[in-house]
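In short: position in the sequence shown from 1, add 477, done, that's this note's numbering.
Comments concern the structure below.
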Amino acid sequence: MTDVAASPLRVGLIGLGRPGLHLVERFASGGPFRVVAVWAESIVAEVVSPFGVRLVNHPRELLAAADVDVVWFAESEAFKNEFAAADVLCGKHSIVSTPLALSSAIADRAFREAARCNRLLLVHHPRRSDPDYQQALAVTQELPPSTLRAVKFVSWSYGLLPRGATRGHGPLPSDASGDAQITKVRFVAHALDQLLPLVSDRPLRVFATGDQDSPGFPKLFAGHSLLLQMTFEQGCHAEIDIRLDSPTKFQSGWLLATERSGYAKGQKFTLTDDGEVFDSPVIAVSDGNEDADQFEWLAQQIRSGVRDNVEEARVRTVVAILDAAQRSLESRRAVEL
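Below, the structure written as structure tokens:
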């Protein structure tokens, strides 16, 4: 087993909103990665200098740096410009904070460029170790194929930043992912990443609704709520309901239903032939650290240099659903995948 603590992979970071600053702080205390350099559109040196991280004036400096092993995109829409896909993906292995992109065309181009240059393109999914998700997954893995009929996830909270908020080192930059619209899209992307292994089936269509009163934003980023309703090939219906402007907090976790069983809040429910419903606790192995397993996995992938086709297909499907959701919001109709 590789001793990653002795030789952490050196990261050149692009973007320093909340996810980027979290990575700087997280890796400063150890782990398989260490941030050594950062580029962001708006940043002051005092934010990163306490961690021994240097600033660069252009992303190309990260590509040329001998002490950078991997470029990590910690900003929204990492591949929104041609520079990122054409230069970064051919210069270094790349990791992107969820989601990879909002367009299947952009995702396809990014993976194609990375493969052409024999580089890896990976996505960081820090919520795969969430206990509720792991418990729900344990339940679905015991089910016969195609028996899951309905899946639901609701997350209502009040996630708006106060006007003029700061992070202790000065004002938040304009691209900070603390922005509610970006946070909302990331929450949805995390939920989609968890949903796909739960259903284990091909999504057919998506219908998206949300706030329509935010001019100047792409529809997916408009407002503070987003509801996705999806239909899968074998008949399962799924809903993901995210709202960040609700003073009433409600977190359902994953809700699962078959004709004779279900799951909610760590409990499995079973309908007997007599019409009685029994509940029992679900035990799933978890060390309580939501980040560690994913960081170790990412580091192992980078060191191996081998593409994971199953993982790539999962990332592509998440992007395809987000792409379809954008078109559904624009047309106000269900969109086929």
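A virtual CB, placed ideally from N, CA and C, is assigned to each residue, including glycine.
Anticipated Cβ contact below 8 Å, residue i with residue j, distance rounded
i           : j           : result
residue 731 : residue 613 : 4 Å
residue 723 : residue 634 : 6 Å
residue 745 : residue 729 : Actually they do not touch by this definition, with Cβ atoms about 16 Å apart.
residue 551 : residue 636 : So it is not a contact: roughly 19 Å between Cβ atoms.
residue 625 : residue 540 : Between residue 540 and residue 625 the Cβ distance is about 45 Å, and since that is not below 8 Å, they are no contact.
residue 719 : residue 665 : 5 Å
residue 611 : residue 761 : 4 Å
residue 721 : residue 801 : Not a contact, Cβ separation roughly 22 Å.
Cβ-based burial, residue i [other Cβ within 10 Å; buried from 16]
i           : result
residue 751 : exposed
residue 740 : buried
residue 496 : buried
residue 875 : Since the first residue shown for the chain is 478 and the last is 814, residue 875 is missing from the structure and cannot be characterised.
residue 806 : buried
residue 710 : exposed
residue 568 : buried
residue 810 : exposed
residue 650 : Summary for residue 650: the model assigns pLDDT 45, below 50, so the residue's position carries little reliability, and this model does not support an answer.
residue 621 : exposed
residue 749 : exposed
residue 755 : exposed
residue 524 : buried
residue 783 : exposed
residue 803 : buried
residue 663 : buried
residue 764 : Note that residue 764 scores a pLDDT of 48, beneath 50, so its modelled location is shaky; the value from the coordinates is reported in the next line. Exposed: under 16 other Cβ atoms inside 10 Å.
residue 742 : exposed
residue 442 : Missing from the structure shown is residue 442; the chain here goes from 478 to 814 and no further.
residue 654 : Unreliable placement is indicated for residue 654, whose pLDDT of 40 sits below 50; the coordinate value is still reported in the next sentence. Result: buried.
Residue i versus residue j - alpha carbon distance
i           : j           : result
residue 798 : residue 499 : 27 Å
residue 687 : residue 704 : 6 Å
residue 716 : residue 753 : 27 Å
residue 737 : residue 796 : 33 Å
residue 814 : residue 668 : 18 Å
residue 516 : residue 492 : 6 Å
residue 671 : residue 627 : 15 Å
residue 698 : residue 661 : 8 Å
residue 536 : residue 684 : 37 Å
residue 489 : residue 589 : 22 Å
residue 771 : residue 605 : 8 Å
residue 673 : residue 726 : 26 Å
residue 676 : residue 529 : 44 Å
residue 572 : residue 780 : 13 Å
residue 579 : residue 812 : 15 Å
residue 794 : residue 576 : 11 Å
residue 680 : residue 707 : 7 Å
residue 506 : residue 533 : 22 Å
residue 487 : residue 566 : 16 Å
residue 538 : residue 808 : 42 Å
residue 501 : residue 591 : 25 Å
residue 526 : residue 504 : 14 Å
residue 485 : residue 776 : 9 Å
residue 773 : residue 735 : 35 Å
residue 593 : residue 747 : 50 Å
residue 585 : residue 632 : 30 Å
residue 608 : residue 595 : 35 Å
residue 785 : residue 603 : 18 Å
residue 712 : residue 696 : 28 Å
residue 587 : residue 630 : 30 Å
residue 618 : residue 682 : 24 Å
residue 623 : residue 678 : 8 Å
residue 531 : residue 574 : 21 Å
Bridge partner(s) assigned by DSSP for residue i
i           : result
residue 758 : 744
residue 732 : 629
residue 722 : 635
residue 687 : 703
residue 516 : 491
residue 774 : Per DSSP, none; premise fails for residue 774.
residue 507 : Bridge partners of residue 507: none, in fact.
residue 715 : 628, 707
residue 593 : None; residue 593 has no bridge partner.
residue 570 : 547
residue 600 : 573
residue 531 : 514
residue 739 : 734, 746
residue 682 : 708, 813
residue 727 : 633
residue 486 : 510
Distance cut-off 7 Å: residue i Cβ against heavy atoms of the ligand NAD
i           : result
residue 797 : Of the ligands one can find in the structure shown there are none, so the ligand NAD has no counterpart to examine.
Open item on the list: Quick test of the definition: if touching needs 3 or more C-beta pairs under 8 Å, does the segment 779-794 touch the segment 581-601?
Closed with: yes
Task: Contact between the segment 535-550 and the segment 507-519 (3+ Cβ pairs under 8 Å) - done: yes
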